[in-house]
Every structure is written in structure tokens, then in C-alpha cells.
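Protein chains in written order, with the working numbering: chain A, 1 to 372; chain B, 1001 to 1372.
Pasting the structure below:
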């Protein structure tokens, strides 16, 4: 055969191969028709946050924007602040009933419906933000959370994380564990249960009443989130000490809950977009909280002369022991609570050794890096 | 007005409001036609990792899967391991030239093309993983990274984060800074420059040769990633001590780079899906690394009896001082290096005070929580 023919034959071989490749590529693209959205979905999301609430509320807005943009308009989620359609704590009822498609809040808001939900938010002396996200994805958390939310007729997603919280604002100095005796404190969730066990009186107050309550002396102390959110509420104007660490909520996730029937009716591509957006919104909120807390803490210290204090080691030690007692007892109340609590504690315990590395790095940076 | 009429009037008001709302919702759905993908995009992604490489390589696979599923088949990315189409370190050339649409690796692999790229990976005594992600999103990092990658004809995305790395495997004990004199160590990137300045000899060895190099005594020490990846390579078989913290790489991001012309030619919905998937893949890799490191570290300690040791404080102090000197000098080499370095250091310095909270929490949990 001459060169020409050889070239021609090679060319034919090449074309044959290319066609085979294209067919294979095309085959991998064959996705069942019903799994791709055809019609448009206009959904509502009710939240437990005031409209445009920094950090927490913006996680819901970020999530909705991501879904809307990625779906190229096939899904359009409109976010409503607390009270715009339903009051904050009726968000779950609205979604459970199917009146509204989806909601955004925090798992412990639903402990009145399913006790076990509160453990999903945060556990005193529990997981760091990244460990918490990891527990949901790789430690069995998603499955347990879906089991809990199914009881409320919903599908569950992690959709935001506050990051490490601060220990709270105090007008009374904490020098020993006995200083909690008679302390009136706004402290929600499981951390509040530990404070009660230490002799404190726990008061539940809405975000909007925090400043006036501590100003009037109705409470001696309060816990909200961290510098970024606390600064916005002006709490520094009425409280003397800002304590750390946030042992009661070392991280707290936010939830996106979707009416289960509506969820099941979605085509696959929109399901994937929702799941992905919840994950990316969690990452974005973490990014926002770190940058926001950096700036806010500096403002609190430099401009408002706030006294930042660590809890004494002896107090932290006793709170850790007390937490274990309180949570062991509380979580024995029902099978699901016990299951979620044990699973988190197992992941926490497996994390302590590994996190020595991170602890030592932060210590080193704090002690030996010149930064001013 | 009677109650009935009042109700009727209210109902009319409600309907009017609802209609107005629906019209607004519909209006927000008007998206320019060209911004929604019509045709199908079959893209290739070349990587610097062996096919199915745990953690690092799986970030690329995760990312591609997310894009493929969310786009409902409109985009189909096929991931190739190192050497399948081009060798690992020719990935950037393949993408820059437009021969391949996208790639996945680590920014410091491209320092031979743009010196400033290496600062994007990690900085000794720099940012924690979450701070690093936050710097890219909220601290100006994305903009600087795009400026750097534009010089290589690419669009840049963070697509993965190793989490905090360990300090490395040593066959020689490090008791004082002078112990680095003459130490032959595999230590890439900026951390390697600091080790050189401390008197060490830095050797560059591919992942596949790590074990044999330390077994033969060709090197005295090496740094790879952390327990999850190091266990898989069997390094514990030949090295005595496993040091922490990973001061040289407190976190390291991975990059997704896309040929700029191809990127610009994409419709808006696919651009959003890519951007979102890179963010969610970063979160998912972090989740995987935490869970994987938990288990691997326990295996190393309990099964393989590995000695985990912190570097002495005096050594860390001197390494921190040395790092500052070395990096200040290195980053003065060109305008872009100086710009990226200064920006990261500014964010790091603003983070130290805020991270006291996290440091104290990890200390407390380590000291006072019973976990065995």
C-alpha cells in the first residue's frame, strides 16, 4: 500500500474511533427524561429570621439565590422573613402541612415537635464547625437528621453554620462555678440546661429584647452568637464582660427543611441543585462569619473597649463534667435522642486526638507570630 | 362595615397583593435567553493526581459529578488522572493552550509560570482552612487569584482544601532549631524555603517515591499531607516520629483552572453551576478529610504504634521568626507576589485575636472532656 492509502486507512480508523468515542460520550448523557425539570417551580421559603438578618438570615438568601441561578430559572425560590407570611416559630407547621414548600431556621426550634431535633443544632463541649459538617456528611448525621425531620413531614439539609460562638455577655464576673448560683441568663438550647444545673435561672428572650433586658437588669447575662451579630445588637452598651470560649455552642448549624411530598415530586436535577446549594451556602456563611467576626471583634475591643475574658479553667472543667451528666440524662428520654446524642459523642471523641494538631497550631500562632 | 364585608374587602386586598407578588416573581424569572445553556458541553478535566487519589483526587471527581448532575446533562466533565492525557505538571500548559478545557491541581505547582501562584496554596504560620476559604471569598483572594491565573490564560476557583496538615515524618528527633542543620527533607513550597533557611537540605520527591526514599535513608524526614493520606502511603513503616503542628502548611487549597476563552463562552447557568460546585466540593473534601484523618490517626497510633510528637515551643518560636524573614524577602521579588502575600498576612493578623476563642475551646475539650 502506498502512503496515501495508508493515510486514508488510518484516517478511517481515526474517524471510526472518534465516532465510537462520541457515541460513548453521548450515551453517558442519556438521562431519563422525567429526571430533568421541564416545568417551572415557584417556591416559597419561610424563615425564622427577620428579613435580611446578617449571617443567619443571609444564609437563606444565599441558598435561594444559588438555586435560582443554577437552575437557569427553572426553580425560583422567594425568601420570606419571620412574620411576613407566618410568625418565626410557625415556619415548621407551614412547611409540614404543605402550605409552604420550604423553610429555614435552626433544629432546636423544633424540639417541641421532636425532642431529638435539638441535638442537631449544637452540643455543649461537642463538635467544632468543621467536625459538625463532617459528622452530617461522613458520620451518619444526615441519615439521623432525615429520620428526625421525617417525623415532621420534611426532608432535611444543613444550610449554614454560625461557626464557633462566644461564651456570652456577663455583668457579673465568673470566677468560680458557684458564681452561676442565682445568675439570670438568656441561654437557649442544651447549654441553657447545663446553666440551670449549675444553679442559674434561664430566661428565654427574643433577639430584639436582648439589649433592653440586660440594660434594665432583668437578666445578668446573655448569649447570642458572636462578635458579628452581637455588635449589630449593641449589647456592648450594657454588658461588662465578653467571655469565651463558647463551650455551650462550639458551632451551630442552620436547617433547610422541605415538605417531603414536594421534595419527592422534584426532578433529579433540581434535587441535586438544592442539595449542592445547601452545601455551598454553608461554606459561604462560614466564610462570611469569619471575615465579619474579625472586623467586629476589633471594633468591640478598640472602639468600644469591651473586656474579652476567658472563663477560668476550673469553671470550664466543672462545666464539662456537668454537661456530660446533664446530657446523658436528658438524652435518655427517648430512643431517637439517645441515638443522635451517642452518634455525635462518638464522632467528638474520635476528633479530640486529631484536633491536637489544630490546637497546637493556633497556640503557636497566638504566642509566636508578631501581628501588631 | 359588617364583618362579612370586611372579610370580603380583606380578601380582595389579599388577592391583589398575591397577584402583585406573582407578577413580581414571574418578572424575576425573565432571564436573557443566551444566558441559559442550549447545547451540550462535553469537557475534559486533566489533573495532577493519580486516578482516584484519595482526598485530593476525589475533590476533582466530586466537583465533576456535581456539575454533571446539576446541569441535568447539559455539561459533562470527564476527569483524567495524571498521565492519562498529559503528565501531571503539564496540566496547566494543556489548559492554557485551550487543548483541554479545565484542570485540577494545586497553585504552587505553577510557580514556575507565575511566581505569585505559590502564595495561594499555603503560607507558613498563615491561615487555618476556614480562614483561607474566607480570605478567598471575603478578603479579596478571589480577585488576586484571578489576576494571577489570567497570566496563564485561565479562570481560577478554589476546589478543595486539605485541612490542617501534620508537621511531617522524621527519623531524627527535633529538640532545638539547630537539629535542622544538614537534615535532608522532602518539603515542598514555601515551608521548604524556611527549612532551607534553618540549615536543612530540601529534596523534591514525587508522592510515589516517599516510602522508598525514607526507607533507604536518602532523606531523614518528609512531609506529605496528614494521617489519611500518609497512612495510605505506608510511611509509618520507615519513619520514627510524626510531628505536629503543620506550621508550614496550616491548610492548602486545591485549584480548578479553566481556559479563559472557554470559560467566557459559557452560558450563565453553567458558570453558576461550576462556581457553586467548586465551593461545595471544597466543603465536601473538608468533611472527608476530617472523618478520614480521625480514623487514620487512630490506626497509626493504636495499630502501628506511631509516636506523635509536638515540635518543642522553642523550635516553633524560631521557625515563626525565620518564616517571617524568609517570606518578606521572597515576596519582594515581584509586585504580584508582594500583593498576594501582604493581603494574606493582613487577613491572618486580623484573625489571630478572633481565633483565641477556637484555641481556648480546643484546649478545654482536650483537657477536660473525658473521651476514653
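Positions of the beta carbon are idealized from the N, C-alpha and C atoms, including for glycine.
All figures in this text were calculated on a predicted structure; none of them were measured in a lab.
What would DSSP say about residue i, mapped onto helix, strand or coil?
i	result
residue 1107/B	helix
residue 266/A	coil
residue 257/A	strand
residue 369/A	coil
residue 1052/B	coil
residue 221/A	strand
residue 155/A	strand
residue 135/A	helix
residue 227/A	helix
residue 361/A	helix
residue 1212/B	helix
residue 1078/B	strand
How long is the line joining the alpha carbons of residue i and residue j, rounded to whole angstroms?
i	j	result
residue 1364/B	residue 313/A	8 Å
residue 319/A	residue 196/A	11 Å
residue 1265/B	residue 1141/B	24 Å
residue 1074/B	residue 1262/B	15 Å
residue 58/A	residue 67/A	14 Å
residue 21/A	residue 1218/B	Per-residue confidence for residue 21/A stands at a pLDDT of 40, beneath the threshold of 50, marking its modelled position as unreliable; the derived number appears in the next sentence. So the two alpha carbons sit approximately 45 Å from each other.
residue 1252/B	residue 180/A	43 Å
residue 237/A	residue 1189/B	47 Å
residue 1061/B	residue 1088/B	16 Å
residue 207/A	residue 1093/B	54 Å
residue 368/A	residue 1191/B	17 Å
residue 1285/B	residue 1117/B	22 Å
residue 1370/B	residue 1322/B	38 Å
residue 186/A	residue 202/A	6 Å
residue 1304/B	residue 349/A	20 Å
residue 1046/B	residue 1114/B	20 Å
residue 1128/B	residue 249/A	20 Å
Within the 8 Å Cβ cut-off, does residue i reach chain A?
i	result
residue 1066/B	yes
residue 1368/B	yes
residue 1350/B	yes
residue 1146/B	no
residue 1284/B	yes
residue 1190/B	no
residue 1057/B	no
residue 1294/B	yes
residue 1025/B	Bear in mind that the predicted position of residue 1025/B carries a pLDDT of just 44, short of 50, making it unreliable; the figure below should be weighed with that in mind. Yes, its Cβ sits closer than 8 Å to a Cβ of chain A.
residue 1070/B	yes
residue 1157/B	no
residue 1245/B	yes
residue 1063/B	no
Is there a Cβ of chain B sitting closer than 8 Å to that of residue i, yes or no?
i	result
residue 141/A	no
residue 230/A	no
residue 362/A	yes
residue 166/A	yes
residue 334/A	no
residue 365/A	yes
residue 269/A	yes
residue 96/A	no
residue 4/A	At residue 4/A the pLDDT is 31, less than 50, meaning the model places this residue with poor confidence and gives no usable figure here.
residue 371/A	yes
residue 54/A	no
residue 80/A	no
residue 276/A	yes
residue 272/A	yes
Going by C-alpha to C-alpha distance, which of the options sits closest to residue i?
i	options	result
residue 1199/B	1182/B, 1188/B, 1051/B	1182/B
residue 72/A	94/A, 250/A, 115/A, 40/A	40/A
residue 222/A	276/A, 331/A, 165/A	165/A
residue 157/A	366/A, 178/A, 274/A, 54/A	274/A
residue 48/A	232/A, 177/A, 63/A, 83/A	83/A
residue 352/A	283/A, 125/A, 151/A, 259/A	125/A
residue 1079/B	1070/B, 1051/B, 1090/B	1051/B
residue 211/A	205/A, 194/A, 235/A	235/A
residue 1043/B	1099/B, 1053/B, 1178/B, 1333/B	1099/B
Determine contact between the stretch 1276 to 1291 of chain B and the stretch 1158 to 1171 of chain B, defined as no fewer than three beta-carbon pairs at a distance below 8 Å.
yes
Given 8 Å, three or more beta-carbon pairs between the stretch 1227 to 1243 of chain B and the stretch 240 to 250 of chain A
no
Determine contact between the stretch 352 to 369 of chain A and the stretch 1297 to 1315 of chain B, defined as no fewer than three beta-carbon pairs at a distance below 8 Å.
yes
Any chance the stretch 1265 to 1278 of chain B sits against the stretch 1335 to 1350 of chain B, with 3 or more Cβ pairs inside 8 Å?
no
Within the chosen definition, does the stretch 214 to 232 of chain A reach the stretch 294 to 302 of chain A through at least 3 CB pairs nearer than 8 Å?
yes
Inter-stretch contact (C-beta, 8 Å, three-pair minimum) for the stretch 1095 to 1107 of chain B and the stretch 122 to 141 of chain A
no
Three or more beta-carbon pairs under 8 Å between the stretch 1171 to 1178 of chain B and the stretch 326 to 335 of chain A, yes or no?
no
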